[in-house]
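Using the UniProt record's numbering, the letters of the sequence shown map in sequence onto residues 1 to 171. A virtual CB, placed ideally from N, CA and C, is assigned to each residue, including glycine. Just so you know, these numbers come straight off a predicted model, no measurement behind them. Have a look at the structure below, then the notes.
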Amino acid sequence: MVHEAAMATSSCSRCGRPLKDPRSRAMGMGPVCAARARDDKAMSMLPPGSPVVTVNGRHLHHVVRHSPTGMEWGYGGSGPADLARSILLDYLSRCGSGLRVRAMPGARLGKRGRERLVDQLYQAFKWDFVARFPYESWRLTGPEIAAWLMQTGLIESVPALPVTYEGRRTA
Ligand SMILES: [Zn+2]
Numbered sequence: 001m002v003h004e005a006a007m008a009t010s011s012c013s014r015c016g017r018p019l020k021d022p023r024s025r026a027m028g029m030g031p032v033c034a035a036r037a038r039d040d041k042a043m044s045m046l047p048p049g050s051p052v053v054t055v056n057g058r059h060l061h062h063v064v065r066h067s068p069t070g071m072e073w074g075y076g077g078s079g080p081a082d083l084a085r086s087i088l089l090d091y092l093s094r095c096g097s098g099l100r101v102r103a104m105p106g107a108r109l110g111k112r113g114r115e116r117l118v119d120q121l122y123q124a125f126k127w128d129f130v131a132r133f134p135y136e137s138w139r140l141t142g143p144e145i146a147a148w149l150m151q152t153g154l155i156e157s158v159p160a161l162p163v164t165y166e167g168r169r170t171a
């Protein structure tokens, strides 16, 4: 009987919000919480002190170029270069038509255009932010990123989105 009760619940076991979808009820968790639970499980398998980077609470996708082993911060190496690139690619992918570059006024940048733009910017972004992040933890917001992008001189407009990037280490 206890088992059956656990199999179909009306509220999320992680956040307590009511569940409407039958699949969520069967899982006992909403889709957002289920994804976070998967992230937590993946994190619990990392060695202590491993870097964890999130965007609005979800794991940031590591776009690999310099550092196949992972993203890092606090110095100027390959892990920090990949973190800088991954943050900028993620942020610009959220900007939609709000992102305009001086070189192509009026044009909406696609994925390739954003990658080309990021390739011009990420090393400077690394030195200005990622290389300076404290070892234990850090936080960077959309308005800070947008302000930095504007001062590069390459950007005509970019929205200051309500996005938060955070880094910390596993216990
Ligand atoms: Zn939930």
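Let me know if tryptophan 127 comes out buried or exposed under the rule of 16 or more other beta-carbons within 10 Å of its beta-carbon. In this structure tryptophan 127 is exposed. Its beta-carbon is surrounded by fewer than 16 other beta-carbon atoms within 10 angstroms.
Among Arg169, Ala124, Gln151, Ile87, whose alpha-carbon lies nearest the alpha-carbon of valine 55? Nearest neighbour of valine 55 by Cα position, chosen from Arg169, Ala124, Gln151, Ile87, turns out to be Ile87.
Per DSSP, tyrosine 165 forms a beta bridge with which residues? Beta-bridge annotation (DSSP): tyrosine 165 is paired with Val55, Leu140.
Those residues which DSSP pairs with proline 18 across a bridge: Answer is Ser11, bridged to proline 18.
Cβ contact check for the stretch 60 to 75 and the stretch 34 to 44: 3 or more pairs under 8 angstroms: Touching, no.
How long is the line joining the alpha carbons of aspartate 82 and leucine 140, rounded to whole angstroms? If I take the Cα positions, the gap works out to 16 angstroms.
In or out: residue 174 buried (at least 16 other Cβ within 10 Å) or exposed? Lying before the first or after the last residue shown, residue 174 is absent from the chain, which here runs from 1 to 171.
Does the beta-carbon distance from valine 52 to arginine 132 come in below 7 angstroms? At a Cβ-Cβ threshold of 7 angstroms, valine 52 and arginine 132 do not count as neighbours.
DSSP-derived helix/strand/coil call for isoleucine 155: Residue state, collapsed to three classes: strand.
Just the C-alpha distance for glutamine 120 and tyrosine 165, rounded to the nearest angstrom, thanks. Near 21 angstroms, if we compare the C-alpha coordinates of tyrosine 165 and glutamine 120.
Using only the alpha-carbon positions, how far apart do proline 80 and valine 101 sit? Here the C-alpha atom of proline 80 lies approximately 25 angstroms from the C-alpha atom of valine 101.
Can you tell me whether leucine 99 is buried or exposed? The criterion is at least 16 other CB atoms within 10 Å of its CB, across all chains shown. Leucine 99 counts as buried, since no fewer than 16 other beta carbons sit within 10 angstroms of its beta carbon.
Any residues whose CB sits closer than 6 angstroms to a heavy atom of ligand 1? List them in chain order? Ordered along the chain, the selected set is Cys12, Arg14, Cys15, Arg17, Met29, Gly30, Cys33.
Mind reading off the beta-carbon distance from proline 162 to alanine 146? Whole number of angstroms is fine, and I expect it under 8 angstroms. The beta-carbon distance between proline 162 and alanine 146, rounded to whole angstroms, is 11 angstroms. This is too long to meet the 8 angstroms contact definition.
Selected residue, minimal CA-CA separation from glutamate 115, among Glu156, Pro134, Leu92: When only C-alpha atoms are compared, the closest one is Leu92.
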